[in-house]
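Residue numbers (this note's numbering): 186 to 1089. No residue lacks a Cβ here, since even glycine has one placed at the ideal position from N, Cα and C. The next block holds one structure in the form of structure tokens; read it before the comments.
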């Protein structure tokens, strides 16, 4: 029997379908894991995956499925065709993996990981609180909030392998993400459910997501209670859940479901809900005027006495109607995190007037545990910013007015609020008593986030802070889907997805939310014409980062529609227009003008409109065509991967034609700039906005390095950002890709922090943002939010641009490291990949530069040094190293130290 190797460690970071706990497995699950070895140049030569129904069966080796040794170097998006017929809907499975390396060493089996094969729950009707008169009032209750408690139940823990809560919350306004907080025995288990997806998978039905929560570790041997605090704003308001236990004997049993045996308390009095709503122009949510005379303290705990609560009522309308389909959520569940930033502080502004600075902005609500010396009413103000006098700006610039009142009782006041708000500051007006640091805390809503997967430091503190803001932006704004901002619109946008997704790739190994958001947007496009093209770009980048091509294959046809104007429901006869292959079924209107070689129409360019640098729109616009050039190039690569061979050359030729025509018709060689646009009569609008040249530079619309250098000089704008904080993504990417990282770094590290300057120094020091803002300041966009991920470009620029860490082959089988430090002397980064953590450190002393590189097992790095590098020395695991160019080296897994001389 082969003994496990001491140098080859067990695999970790197990995922199925891109998530640690997948309950969306329908067929052909895709397995992924990280390999680890203490031996340099080690790579996986074979793997063995075993699957069992229960945990003890793995230990006993009574497997339901055993792949045996499979000769393969792949550890991302691994399929096991023979496994499919062993899987059954609704069943629980455990799996483990072990590997064999190129030296014949065998690892231990990984720790077990579980998944569930999807089966639409048998949902009929949900429950809610009964309508009645509110206690002590003459007004009828509105019924927008319900406290819900299950009957007490007991389980034999010795017989339970896994316990799963399945939940659906309905009746919210469409832009309410997640309408219920769930608790088991008083402990938060998550919030849900994820927002529905209209036109699901290009069909006519709405996909209604259910969430599943593993609550095994929260069950106790005695009495248990499942609870929910739910909100709903329509007649469809209902909460449905079921608790399923998978028993050790191999069976499963639903031991609890929502019915009239539950107790339900209307929350109108507890939250003072008599019609007042906090609104943006896109949605309205109830104000949380908590009244502790009616709020049931500790209502979710087992010992709470609910016998006076009425029985829950059943909503007669089905939770899932005929125009809907129940589907499992495809990313990680949103959880509640109590916020405890070390920089949190409390300031007494005046007698009975306190300001709480949480230290960082959160998206969520509050937990309160305050000992009041008397019965009192307190005004509560919340916001993202302070006004010039140091008080909370509670009417947010984005619209909502976070102004509420709490009625407290003498003694302990313990409660949580639940509405999703964006805030850093809390001001309490009229509060009697002593406020302690932990009396009021943030109750954030976010997906699980592993802080240890990513890090960055340099010798420039401003750049370090920009990275931390970008990283925290991803952590704080990841809920059920990527959105522009939860403060105002709460809607996904393709342009936001581009920055949000790439920054997320740089700081987190959670790739599932990016894919879910992309799929959502394919079905529900937004209004800017260029934004639709970013679906294609992100689909290709998703494949490069994950190595999983499921989305490309299932959504290829819909992706091709994004290259056309108009709604996908508009169609024409593609065959009659000369299209072949899959393009025969193309939808929308193809706006490529064969006679001119460019596409018509225009995109967002930038937002707000004054940020467009005077851009003049014509019939054929440079920025739009530059993005189209990139989209055509990427869709041709997607066509190649998905086997649509007839489409490959068609799209390649389109891309080549657009690039040639842009340069021939719209580039001014003398100034080194692109003109904005062509009119219908092919006259040139001879205005040269920075946007026209920046988009062209970003997507590689230049013929040689000399042209790239000229464009870069103009785009760099003498080290001053131009346009919005969103547009700088295109500026910085273009500069770095064209070999002008020094200009990009100069832009990012501009120390001018005066008010309203277009610098990150001003964003951090003057605006005091902790999540990326929507604009440089309120001056440029008066209705801005300070929680808008499209401003998180520094994070992705640092990792993918300055440190130059990018996939070459899908799934990081090979990836590039090309450090472009500019005038920085020290840089150190850790970034996740599907193969594991990549670490790169750079240091320069005079003309001597040093790199320390750690390549994860089962990957290979292409290290690109500056062309002028001389006297190159490499120490470390170099047995697989080959020089493919003067300063390009291939590095197998392991740790390397590289020295070289540089003339700069």
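Distance, residue 690 Cα to residue 723 Cα: C-alpha separation (whole angstroms): 11 Å.
Using 8 Å for Cβ pairs, my map puts residue 550 next to residue 604. What's the rounded Cβ distance? 6 Å between Cβ atoms; contact.
At what residues does the alpha helix (DSSP H) containing residue 1087 begin and finish? No alpha helix (DSSP H) holds residue 1087; DSSP gives it neither H nor E.
Using alpha carbons as the reference points, say which of 796, 718, 895 lies closest to residue 814. Taking only the C-alpha atoms, the option nearest residue 814 is 718.
Within the same chain, show all residues whose beta-carbon is closer than 6 Å to that of residue 275, passing over the 5 residues directly before and after it, in chain order. Result list for residue 275: 304, in chain order.
Since residue 891 is in the alpha helix (DSSP H), which residue starts that stretch and which ends it? That run of the alpha helix (DSSP H) goes 890 to 901.
Can you tell me whether residue 866 is buried or exposed? The criterion is at least 16 other CB atoms within 10 Å of its CB, across all chains shown. Counting C-beta atoms within 10 angstroms of its own C-beta, residue 866 has fewer than 16 neighbours from the protein chains shown and is therefore classed as exposed.
Check whether the region 614 to 631 and the region 464 to 482 are in contact - that is, three or more C-beta pairs closer than 8 Å. These segments do not touch.
Nearest to residue 373 by alpha carbon, out of 624, 434, 400? Minimum Cα distance to residue 373 is reached at 400.
List the endpoints of the continuous alpha helix (DSSP H) containing residue 810. Taken as a continuous stretch (DSSP letters only), the alpha helix (DSSP H) holding residue 810 covers 807 to 826.
From this set, 1006, 447, 339, which residue's C-alpha is nearest residue 1025's C-alpha? Nearest neighbour of residue 1025 by Cα position, chosen from 1006, 447, 339, turns out to be 1006.
Determine, using beta carbons only, whether residue 863 and residue 805 come nearer to each other than 8 Å. Less than 8 Å separates the beta-carbon of residue 863 from that of residue 805.
Can you find a C-beta in chain D that's less than 8 Å from the C-beta of residue 1080? You won't find chain D in this structure, because it holds only one protein chain.
Just to confirm the assignment, what range does the alpha helix (DSSP H) spanning residue 510 have? Element bounds for residue 510: not the alpha helix (DSSP H) but the beta strand (DSSP E), 509 to 513.
Buried/exposed call for residue 624, threshold 16 Cβ in 10 Å: Per the 10 Å Cβ criterion, buried.
Residue range of the beta strand (DSSP E) that residue 200 falls in? Its beta strand (DSSP E) spans residues 193 to 201.
Return helix, strand or coil for residue 725, following the three-state DSSP convention. In the structure shown, residue 725 falls within a helical segment according to DSSP collapsed to helix, strand and coil.
Using a Cβ distance threshold of 8 Å, determine whether the region 351 to 358 contacts the region 412 to 431, with at least three qualifying pairs required. Touching, yes, given that three or more Cβ pairs across the two stretches are closer than 8 Å.
Residues in the same chain with beta-carbon distance under 8 Å from residue 539, minus the five sequence neighbours each way, listed in chain order, please. 531, 532, 533, 612, 613, 616, 620.
Span of the beta strand (DSSP E) around residue 391: Taken as a continuous stretch (DSSP letters only), the beta strand (DSSP E) holding residue 391 covers 391 to 399.
Alpha carbons only, please: which of 609, 296, 810, 653 is nearest the one belonging to residue 850? It is 810.
Every unbroken beta strand (DSSP E) within the region 617 to 690, with a cutoff of 3 residues, ordered by chain: Whole beta strand (DSSP E) segments, 3+ residues: 625 to 631, 640 to 643.
Residue 1062 and residue 1077 look like a contact to me (Cβ under 8 Å); what is the Cβ gap, rounded to whole Å? The C-beta distance from residue 1062 to residue 1077 rounds to 6 Å, short enough to meet the 8 Å contact threshold.
Check whether the region 982 to 1000 touches the region 698 to 716, counting contact only when three or more Cβ pairs, one atom from each stretch, lie closer than 8 Å. Too few Cβ pairs lie closer than 8 Å, so no.
Between residue 872 and residue 893, what straight-line distance do the alpha-carbon atoms span, to the nearest angstrom? Residue 872 and residue 893: Cα-Cα distance of roughly 19 Å.
Collapsed DSSP secondary structure at residue 916 in the structure displayed: Reduced to three states, the DSSP call for residue 916 is helix.
Counting C-beta neighbours from all protein chains within 10 Å, is the total for residue 829 16 or more, i.e. buried, or is it exposed? Label assigned to residue 829: buried.
Does the region 493 to 510 come close enough to the region 435 to 454 to have 3 or more Cβ pairs within less than 8 Å? Short answer: they touch.
Can you find at least 3 beta carbon pairs, one from the region 732 to 744 and one from the region 246 to 266, that sit closer than 8 Å? Output reads yes: the region 246 to 266 touches the region 732 to 744.
Give the list of continuous beta strand (DSSP E) stretches no shorter than 3 residues that lie fully inside the region 942 to 1028. Runs of the beta strand (DSSP E) inside the region 942 to 1028: 990 to 992, 999 to 1002, 1011 to 1018.
Have a look at 226, 204, 223, 224 and flag the residue whose alpha-carbon is nearest the alpha-carbon of residue 216. Nearest of 226, 204, 223, 224 to residue 216, Cα basis: 204.
For a minimum of 4 consecutive residues, which ranges assigned as the alpha helix (DSSP H) are wholly contained in the region 224 to 291? With a minimum length of 4 residues, the continuous alpha helix (DSSP H) runs that stay inside the region 224 to 291 are 240 to 245.
Is it buried or exposed, residue 628, if we count other Cβ atoms within 10 angstroms and call 16 or more buried? Residue burial annotation: residue 628 is buried, with at least 16 other C-beta atoms found within 10 angstroms of its C-beta.
With DSSP collapsed to three states, give me the class of residue 487. Residue 487 carries a coil assignment under DSSP once its states are collapsed to helix, strand and coil.
Let me check understanding here. Comparing Cα to Cα, which of 970, 458, 432 lies closest to residue 465? Looking from the CA of residue 465, the closest CA among 970, 458, 432 belongs to 970.
In this structure, does DSSP put residue 529 in helix, strand or coil? Note: residue 529 maps to coil in three-state DSSP.
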